[in-house]
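Report on the structure given below.
Residue numbers (the working numbering): 2 to 193.
Here it is in structure tokens:
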């Protein structure tokens, strides 16, 4: 990922927080001679530098992923920035937050490890529901998925949040984002 210095985030705590908050992404790999991508949720183990998720067994992406270098992209809120929001001259652009994670993939089918993965993903997401659903499914259903564990080799984090603009321009962009329903992006600009 191309990252100008003023948009690069290197603080591991901030990067980890972003990954946990935006853990639905794209797993990109090669299959035969094609680049393939699956949109999926991930669990991030920052201490061991591992990403873990699962694919449907019917998805052929897993069949050639063993020991393959893969890319996972994660994205936060994003929004168009009009030059009309600036005090000084500018060009149309886009503000966003993104992380690119590279690593070596391994697939797994051990029922206990798959169950742990599914239960953890479920608990993580159900905890936000008013009436959380407790995992209650036939163990045989796990045979329909393949686990993917990625040993992370690099993490790149980019927060393009108008840091290259004046304070007044940044304030104007924030106000416009709030008016356009991008409160999360406006709030992220406060932290950059």
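Glycine included, each C-beta is placed from N, C-alpha and C at the ideal position.
Rounded C-alpha distance that separates residue i from residue j
| i | j | result |
| --- | --- | --- |
| residue 136 | residue 128 | 12 Å |
| residue 104 | residue 49 | 13 Å |
| residue 13 | residue 155 | 12 Å |
| residue 146 | residue 110 | 8 Å |
| residue 11 | residue 132 | 37 Å |
| residue 69 | residue 63 | 10 Å |
| residue 169 | residue 16 | 27 Å |
Minimum C-alpha distance to residue i - residue among the options
| i | options | result |
| --- | --- | --- |
| residue 143 | 158, 116, 23 and 89 | 116 |
| residue 1 | 36, 141, 54 and 39 | Because residue 1 is not part of the residues shown, which for the chain are 2 to 193, the question remains open. |
| residue 160 | 102, 186, 21 and 34 | 186 |
| residue 134 | 124, 140 and 157 | 124 |
| residue 138 | 132, 126, 120 and 131 | 120 |
7 Å Cβ shell around residue i - same chain, five flanking residues per side excluded
| i | result |
| --- | --- |
| residue 122 | 42 and 44 |
| residue 162 | 96, 189, 190 and 193 |
Residues of its chain near residue i, where Cβ-Cβ distance is below 6 Å and the 5 sequence neighbours each way are ignored
| i | result |
| --- | --- |
| residue 33 | none |
| residue 179 | 187 |
| residue 40 | 27 |
Residue span of the alpha helix (DSSP H) that contains residue i, given as start and end
| i | result |
| --- | --- |
| residue 118 | 112 to 127 |
| residue 169 | 168 to 180 |
Proximal residues to residue i (C-beta, below 8 Å), its chain only, five neighbours per side dropped
| i | result |
| --- | --- |
| residue 114 | 148 |
Span of the beta strand (DSSP E) around residue i
| i | result |
| --- | --- |
| residue 107 | 94 to 109 |
- Message: Taking contact to mean 3 or more Cβ pairs, one atom from each stretch, closer than 8 Å, check whether the segment 69 to 83 and the segment 17 to 33 are in contact.
- Response: yes
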